[in-house]
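Novice: Numbering-wise, full-length UniProt numbering puts 128 at position 128 of the sequence shown, and it's gapless, one number per residue.
By construction, the Cβ of each residue, glycine as well, lies at the ideal position given by its N, Cα and C atoms.
All values reported here derive from a predicted model rather than from experimental measurement.
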Amino acid sequence: MPPKDKVRVFINGRNGIGGLTGKVPQGQIRVHILTDGRDVLDGSSVGYVETLENDLLELRGKGIDAQIASGGGRMYVTMDRYEDVVKRGWDAQVLGEAPYKFKSALEAVKTLRAQPKANDQYLPPFVIVDDNGKAVGPVLDGDAVVTINFRADRMVMLAKALEYADFNNFDRVPVPKIRYVVMLQYDGELKLPSRYVVSPPEIDRISGEYLVKNGIHTFACRQVLYVFQPFS
1 MPPKDKVRVF
11 INGRNGIGGL
21 TGKVPQGQIR
31 VHILTDGRDV
41 LDGSSVGYVE
51 TLENDLLELR
61 GKGIDAQIAS
71 GGGRMYVTMD
81 RYEDVVKRGW
91 DAQVLGEAPY
101 KFKSALEAVK
111 TLRAQPKAND
121 QYLPPFVIVD
131 DNGKAVGPVL
141 DGDAVVTINF
151 RADRMVMLAK
161 ALEYADFNNF
171 DRVPVPKIRY
181 VVMLQYDGEL
191 KLPSRYVVSP
201 PEIDRISGEY
211 LVKNGIHTFA
221 CRQVLYVFQP
231 FS
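#1: How many whole angstroms separate the CB atoms of Leu34 and Val86, which I take to be in contact at a CB cut-off of 8 Å?
#2: Short check: CB of Ala98 to CB of Val49, under 8 Å?
#3: Taking DSSP's pairing of strands, which residues face Ser71 in a bridge?
#4: Residues in its own chain within less than 7 Å of Pro124 by CB, not counting five upstream and five downstream?
#5: Measuring alpha carbon to alpha carbon, tell me which of Pro176, Val175, Lys160 ends up nearest Asn169.
#6: Short check: CB of Ile68 to CB of Leu57, under 8 Å?
#7: According to the Cβ coordinates, are Gln185 and Pro200 closer than 8 Å?
#8: Could you tell me the distance, in whole angstroms, from the CA atom of Ile64 to the CA atom of Val136?
#9: Could you tell me the alpha carbon to alpha carbon distance between Pro193 and Pro138, rounded to whole angstroms?
#10: So, helix, strand or coil for Leu190, using DSSP?
#11: Return the CA-CA distance between Arg74 and Ile216, expressed in angstroms with no decimal places.
#12: Pick helix, strand or coil for Gln185, following the three-state DSSP scheme.
#13: Can you pull the DSSP bridge partners for Phe102?
#14: Hey, Leu162 and Val181 are a contact pair by Cβ (cut 8 Å); roughly how many whole angstroms apart?
#15: So the candidates are Gly61, Asn214, Ala114, Ile128; which of them puts its Cα closest to the Cα of Gln93?
#16: For the beta strand (DSSP E) containing Tyr196, name the first residue and the last one.
#17: Relative to the C-alpha of Cys221, which residue among Lys213, Ser207, Leu59 is closest?
#18: DSSP three-state label for Thr78, please.
#19: For the beta strand (DSSP E) containing Val31, name the first residue and the last one.
#20: Is the beta carbon of residue 282 sitting closer than 8 Å to the one on Arg172?
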């Protein structure tokens, strides 16, 4: 990999950072984070970001240029089929453009969470800038983009925007020439994305097939979600 290449991680947590460090000893790692607030406690973004910032600080101490480049709430900056939402993510993660700019991600989540009715799921997009006010992590020609988000319902449209030359759901402005890979293929019929780490599982004897073969014409079920809020 040429020295100027960068590896970018669109990530929900800390997974994968360590595995990339040996691949780009002379390059850069830029992490694009999504805050949760639903599957984990709302407000926990501050602790997660602080931990990740400390991990990246350790990498910088080893001579690896690694830092968070952008972020935002998972319901507000990336969501399949919602063009306006995906466009916000594209602008922040790829173009390095967002309504909020900060020197660090920890400063970002603390400041944005201080706003009235703030929620981790809906934090607005932000980018991290250097001392000159320039975004530290726009995606450029020659970059490698690694998506570590296994949720197809979040990532299909963004994956199309990153991979399809004829994508037209929104104006991408410049489209960087990148190398793109994901953990899991999001759509087997579309073969999207074309490069992935783990092959899609072969699934047979699914419940619908089982019910039909056994002559069961009606089946009703529901999902019940219990959110545990610890006592203060």
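Specialist: According to the data block:
#1: Against the sequence shown, residue 34 aligns to sequence position 34. Against the sequence shown, residue 86 aligns to sequence position 86. Between Val86 and Leu34 the Cβ distance is about 13 Å, and since that is not below 8 Å, they are no contact.
#2: Locating residue 98 in the sequence shown gives position 98, counting from the first residue. Locating residue 49 in the sequence shown gives position 49, counting from the first residue. Not a contact, by the Cβ cut-off of 8 Å.
#3: Here residue 71 is taken as the residue at index 71 of the sequence shown, counted from 1. Note that residue 71 corresponds to Gly in the displayed sequence, not to Ser. Gly71 is bridged to Phe126.
#4: Within the sequence shown, residue 124 is the residue found at index 124, counting from 1. Within the same chain, Pro124 has close Cβ partners Gly72, Tyr76, Pro99, Tyr100, Leu112.
#5: The count along the sequence shown starts at 1 and reaches residue 169 at position 169. Checking every option, the nearest Cα to that of Asn169 belongs to Lys160.
#6: Counting from one through the sequence shown, the residue named residue 68 turns up at place 68. Counting from one through the sequence shown, the residue named residue 57 turns up at place 57. Cβ distance not < 8 Å, so Ile68 and Leu57 don't count as in contact.
#7: As a position in the sequence shown, residue 185 is number 185, starting the count at 1. As a position in the sequence shown, residue 200 is number 200, starting the count at 1. Yes.
#8: By 1-based counting over the sequence shown, the position of residue 64 is 64. By 1-based counting over the sequence shown, the position of residue 136 is 136. Their backbone Cα atoms lie some 15 Å apart in a straight line.
#9: By one-based count along the sequence shown, residue 193 stands at place 193. By one-based count along the sequence shown, residue 138 stands at place 138. One C-alpha to the other measures close to 21 Å.
#10: Your numbering for residue 190 matches position 190 in the sequence shown. Coil.
#11: Numbered from its first residue, the sequence shown carries residue 74 at position 74. Numbered from its first residue, the sequence shown carries residue 216 at position 216. Looking at the two C-alpha atoms, the distance is approximately 38 Å.
#12: Here residue 185 is taken as the residue at index 185 of the sequence shown, counted from 1. Looking at Gln185 - three-state DSSP - the assignment turns out to be coil, as it is neither helix nor strand.
#13: Taking the first residue of the sequence shown as position 1, residue 102 is located at position 102. According to DSSP, Phe102 bridges with Ile128.
#14: Taking the first residue of the sequence shown as 1, we reach residue 162 at position 162. Taking the first residue of the sequence shown as 1, we reach residue 181 at position 181. The pair is not a contact, with the Cβ atoms about 10 Å apart (cut-off 8 Å).
#15: Position 93 of the sequence shown, counting from 1, holds the residue named residue 93. The option with the nearest alpha carbon to Gln93 is Ile128.
#16: Here residue 196 is taken as the residue at index 196 of the sequence shown, counted from 1. Run containing Tyr196: 196-198, per the beta strand (DSSP E) assignment.
#17: Taking the sequence shown and counting its residues from 1, one reaches residue 221 at position 221. Of the listed residues, the one whose Cα sits closest to Cys221 is Ser207.
#18: Counted from its first residue, the sequence shown places residue 78 at position 78. Looking at Thr78 - three-state DSSP - the assignment turns out to be coil, as it is neither helix nor strand.
#19: For the purposes of this step, residue 31 is taken as residue 31 along the sequence shown, with counting starting at 1. Val31 -> beta strand (DSSP E) spans 28-33.
#20: Only positions 1 to 232 of the chain appear in this structure, which leaves residue 282 out of reach.
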